[in-house]
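Read through the structure below, which is laid out as structure tokens, and then see the notes.
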Amino acid sequence: LRANFVYLKNDKEEVKGLILVVQDITEHEKLDTMRKEFVANVSHELKTPITTIKSYTETLLDGAMDDKEICGSFLSVIDKESDRMARLVSDLLQLSRMDHKKNNFNSSRFDIDNLIKDIVNKLDISFKEKNHIIKIGLCDKNIIINGDKDRIEQVIQNILSNAIKYTPDNGVVSINIKEEDEQAVISIKDNGIGIPKKDVSRIFERFYRVDKARSRDMGGTGLGLSIAKHIIEQHGGDISVESEVGKGTEFKIKLPVDKSVDI
Ligand code: ADP
329 LRANFVYLKN
339 DKEEVKGLIL
349 VVQDITEHEK
359 LDTMRKEFVA
369 NVSHELKTPI
379 TTIKSYTETL
389 LDGAMDDKEI
399 CGSFLSVIDK
409 ESDRMARLVS
419 DLLQLSRMDH
429 KKNNFNSSRF
439 DIDNLIKDIV
449 NKLDISFKEK
459 NHIIKIGLCD
469 KNIIINGDKD
479 RIEQVIQNIL
489 SNAIKYTPDN
499 GVVSINIKEE
509 DEQAVISIKD
519 NGIGIPKKDV
529 SRIFERFYRV
539 DKARSRDMGG
549 TGLGLSIAKH
559 IIEQHGGDIS
569 VESEVGKGTE
579 FKIKLPVDKS
589 VDI
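One gets full-length UniProt numbering by counting positions in the sequence shown from 1 and adding 328 to each.
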């Protein structure tokens, strides 16, 4: 608490009263700390790829360019790091738009089953690369959602990509959809590395990662789940996670079903 007071005096400078202003500054300080942490995180996240790009470029210019093999492998590192930086900046822009409440959702009615089939097709190469089995359990009736299809696709794709990334080769990833209490419930489950108990409640925070080095190595920005949570909540839905280390992780996304006329 912060207290300020002012004496009220009459013409003869005699004290006749006192005004006391008591301010609760905890919230203000909390926001200030969060802002400072965020700026420190962003700077650090950008500094890492910039340092890598700079040192690889310098080594190439210093003569490594003459060796075709080294040249190729260095350029692919530079390419990967530039991609990560581009992803980071685009995630940051999306967060900034969200913070300013400029969601610009482009809503329409769509069938969630079809969307899931499309996303799984798009990720087919990633599944094959790690030799994962993907199991899809769709609902026998159409489940219609009214929302921004691209943004919902972004969320499901992000969670499925995480399931692929954080599951060692030859894993099993399943995606199931059902309707429950007028909600579409999408479950994405893997049998991967899992998330320690102490971290589970924090993984939706910006830049929070269980293993920073591992996430960076796999091209992650640490912002995906915080963006996902925001998008789902803005659609009147909910996102939750259950996990056990060494056994796997299950994300559940709930979205209100549109019960107006069928398409
Ligand atoms: P990142 O870009 O690091 O993947 P996310 O916001 O998407 O960022 O996820 C935050 C963190 O949550 C990840 O770094 C990882 O530690 C953890 N995580 C997310 N999904 C999974 C999963 N399916 N299995 C294990 N850990 C996960």
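Cβ atoms here follow ideal geometry from the backbone N, Cα and C, with glycine treated the same way.
Because the structure is a prediction, the values reported are computed rather than measured.
Ligand 1 never approaches Ile461 closely enough for any of its heavy atoms to be under 7 Å from the residue's Cβ.
The DSSP-derived three-state label of Leu583 is strand. In the three-state reduction of the DSSP assignment, Leu421 falls in the helix class, which pools H, G and I. Distance check between Gly547 and each of Asn490, Met426 and Leu443 places Asn490 closest, using alpha-carbon atoms only. In this structure Val538 touches Ile523 by the C-beta definition: roughly 6 Å separates them, less than 8 Å.
Contact between the segment 402-411 and the segment 445-453 is absent: fewer than 3 CB-CB pairs across the two stretches fall below 8 Å.
Arg544 and Asp468 have their alpha carbons spaced roughly 39 Å apart. Relative to the non-hydrogen atoms of ligand 1, the Cβ of Tyr384 never comes closer than 7 Å to any of them.
For Tyr384, there is no enclosing beta strand (DSSP E); the residue is found in the alpha helix (DSSP H) stretching over Thr354 to Leu389. The segment 517-566 is shown to contain whole alpha helix (DSSP H) runs of 4 or more residues at 525-528, 540-545 and 552-562, in chain order.
Note on the segment 426-514: whole alpha helix (DSSP H) runs with a minimum of 4 residues are 440-450, 452-457 and 477-493, in chain order. For Ala331, the number of other beta carbons within 10 angstroms of its own is below 16, and it is reported as exposed. Looking at the DSSP output, Ala331 bridges to Val350. In its chain, beyond the 5 residues on either side, Glu409, Arg412 and Met413 have a beta carbon closer than 6 Å to the beta carbon of Pro377. The alpha-carbon separation between Leu336 and Leu329 amounts to approximately 23 Å.
Judged by their CB atoms, Arg437 and Ile484 are not nearer to each other than the 8 Å cut-off.
The beta carbon of Thr380 is closer than 7 Å to those of Val405 and Glu409 in its chain, skipping five residues each way along the sequence. Looking only at Ser515, Asn434 and Lys456, the smallest Cα-Cα distance to Asp476 is reached by Asn434.
Non-local beta-carbon contacts of Asn474 in its own chain, meaning distances under 7 Å to residues more than five positions away in sequence, involve Ser435, Arg437 and Asp586 in chain order. Contact between Phe535 and Asn369 holds, with the beta-carbon distance rounding to 4 Å and staying under 8 Å. By the beta-carbon neighbour count (other beta carbons within 10 angstroms, threshold 16), His460 is buried. A distance criterion of 7 Å places the beta-carbon of Gly499 beyond contact range of ligand 1, judged by its closest non-hydrogen atom. CA-CA distance, Glu510 to Lys458, rounds to 36 Å. A contact between stretches requires three or more CB pairs, one per stretch, nearer than 8 Å, and the segment 515-534 fails this requirement with the segment 380-391.
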